[in-house]
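What follows is a single structure, written as structure tokens, with notes after it.
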Amino acid sequence: MKKKNIFFIFLILIFAGVLFYLVYRKIGTEKIWQSLLSFSPIGILVVFLMMIISHIIGILRWQIILKDKGYHFEFKELILPWFVNFGITFFAPFAFAGAETMRASIVKEKKKEARWKKVLSSVFIDKLFEGTTSILMIFLGILSLVFYSVNLSYKMWLFFLFLMIPILGVGYFYFKAFNSQSIAKFAEKPLRKIFNHRAESIFQIEEEIFNFLDKNNKNFKEAFFLAILRQVFDFLACFFILFFMGANLNILQSIAVIGFIYISFYIIPVPAAIGILEIIQAVIFNHFGFAPQLGAAFSLLYRAFFFVFAFLGIVFSFRVILRWMGKSISEMVKENNK
46 MKKKNIFFIF LILIFAGVLF YLVYRKIGTE KIWQSLLSFS PIGILVVFLM MIISHIIGIL
106 RWQIILKDKG YHFEFKELIL PWFVNFGITF FAPFAFAGAE TMRASIVKEK KKEARWKKVL
166 SSVFIDKLFE GTTSILMIFL GILSLVFYSV NLSYKMWLFF LFLMIPILGV GYFYFKAFNS
226 QSIAKFAEKP LRKIFNHRAE SIFQIEEEIF NFLDKNNKNF KEAFFLAILR QVFDFLACFF
286 ILFFMGANLN ILQSIAVIGF IYISFYIIPV PAAIGILEII QAVIFNHFGF APQLGAAFSL
346 LYRAFFFVFA FLGIVFSFRV ILRWMGKSIS EMVKENNK
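In this text, residue positions in the sequence shown follow our numbering: the first is 46, and each later residue adds one.
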């Protein structure tokens, strides 16, 4: 890893830590601890159940995408790469590309005959669905917030307009995909200049993605349905956290909360959105007439549930890395013994 990358990661971690400290110093912790301690054991079980179902649906979605590419995997074979990716992107969102590549590498290891472009395209498609449903919830969250607002400052309107850029971008991508119009071709010259002969792989992966995103493709329809269904269970997990901690938010307000959760995780690549999630949720809860401390308590609970699954992913990651290191050492020893 380059020194400038290490320095960047170090700065991000310091920023997150300072932000986290300042937030809790500003709003206080007494009411936060009261909310956390009042969370019932039944609530813990219900939220975990919603999240487990969400992950199961996510793995099934990816399984369908891989099947469309001609590779049949058992459900249990995809659990490891799924959680490896989840853990890395949760704790190190700035390593997004590495996490996706590692997920693809694990799958490729399981099926030696699998072609890289097909495996990578399956990962990109899966992430595309994830991003699409997240952006949909962000859009609905903004609408919910506007619905409950009498007056919004011009800064908030500018912020909302800024958030419309990725929404329009996703819409444009699907429009091009459904009409089989290449986006990469627009940047063909710079891509070939930067990646040389490897640029051809980008065009091939784009073609694989567009082939899947066919309105007449049954697998596309099933995978997209599962993407929406997964988002429903993610919303239910969020809703039940609010319910069991005694925050009496209605459905529309809960949609705003989860929409701005995604904004927290996407706006700056901070590990587990530390500090950012608390600030945004404190503002949202205050906007709806609740104490900011309740928003901070919700943030801690939400992150704690996610932490369990992400930690599992990190454990799996170390297992995979150690296995790969062991293979590399064995191959080096064999080479030296020849």
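Cβ coordinates follow ideal geometry from the N, Cα and C atoms, glycine included.
Go through its chain and collect everything with a Cβ distance to residue i's Cβ below 7 Å, but skip five positions before and after it.
{"i": "E145", "result": "N130, V168, K172"}
{"i": "F333", "result": "Y193, L294, Q298"}
{"i": "I59", "result": "none"}
{"i": "I313", "result": "I321"}
{"i": "N149", "result": "Checking the sequence shown, residue 149 turns out to be Ala, not Asn. Cβ within range, chain order: V164, L165, V168."}
{"i": "F351", "result": "F135"}
{"i": "G216", "result": "none"}
Rounded to the nearest angstrom, how far is the Cβ of residue i from that of residue j, given a contact under 8 Å?
{"i": "L185", "j": "G291", "result": "Not a contact, Cβ separation roughly 24 Å."}
{"i": "E251", "j": "I228", "result": "7 Å"}
{"i": "A282", "j": "S99", "result": "7 Å"}
{"i": "V164", "j": "K157", "result": "Contact flag wrong, Cβ pair sits at about 11 Å."}
{"i": "I386", "j": "I170", "result": "Outside the shown range of the chain, which is 46 to 383, sits residue 386, and nothing can be said about it."}
{"i": "I187", "j": "L208", "result": "7 Å"}
{"i": "F278", "j": "M95", "result": "5 Å"}
{"i": "R106", "j": "F218", "result": "Not a contact, Cβ separation roughly 18 Å."}
{"i": "G358", "j": "F204", "result": "Between F204 and G358 the Cβ distance is about 32 Å, and since that is not below 8 Å, they are no contact."}
{"i": "Q326", "j": "A341", "result": "7 Å"}
Determine the closest residue to residue i out of the options, with distance taken between C-alpha atoms.
{"i": "V92", "options": "N293, G115, F280", "result": "F280"}
{"i": "F192", "options": "F330, W127, A301, A317", "result": "A301"}
{"i": "S85", "options": "F288, Y219, V378, A229", "result": "F288"}
{"i": "P211", "options": "A222, Q226, F223, T178", "result": "T178"}
{"i": "I308", "options": "G371, W127, I183, G216", "result": "I183"}
{"i": "S362", "options": "S83, G340, I151", "result": "I151"}
{"i": "F343", "options": "S373, I306, S375, S225", "result": "I306"}
{"i": "L90", "options": "V353, F330, A142", "result": "V353"}
Enumerate in chain order the residues of its own chain whose CB-to-CB distance from residue i is below 8 Å, with the five nearest sequence positions on each side excluded.
{"i": "A355", "result": "F131, G132, F135, F136, A317"}
{"i": "K155", "result": "F118, E122"}
{"i": "K379", "result": "none"}
{"i": "M46", "result": "With a pLDDT of 49 at M46, under the threshold of 50, the predicted position of this residue should be treated as unreliable, though the coordinate-derived value follows. Within the same chain, M46 has no close Cβ partners at all."}
{"i": "V365", "result": "L125, V129, M147, I151"}
{"i": "Y347", "result": "C283, I286, I306, L322"}
Going by beta carbon distance, what residues of the same chain come within less than 6 Å of residue i, once the five residues before and after it are set aside?
{"i": "N264", "result": "I109, D113"}
{"i": "F248", "result": "A229"}
{"i": "R368", "result": "none"}
{"i": "A222", "result": "F255, L258"}
{"i": "R160", "result": "none"}
Mind pulling the beta strand (DSSP E) runs of 3 or more residues that sit fully within the stretch 109–172? Within the stretch 109–172, no complete beta strand (DSSP E) run reaches 3 residues.
Please give me, in chain order, every unbroken run of the alpha helix (DSSP H) with length at least 4 that falls completely inside the stretch 301–365. Annotation note: the stretch 301–365 contains the following uninterrupted alpha helix (DSSP H) runs of length 4 or greater, listed N- to C-terminal: 321–332.
Give, in chain order, every unbroken run of the alpha helix (DSSP H) that is at least 4 residues long and sits entirely within the stretch 241–302. With a minimum length of 4 residues, the continuous alpha helix (DSSP H) runs that stay inside the stretch 241–302 are 244–257, 263–289.
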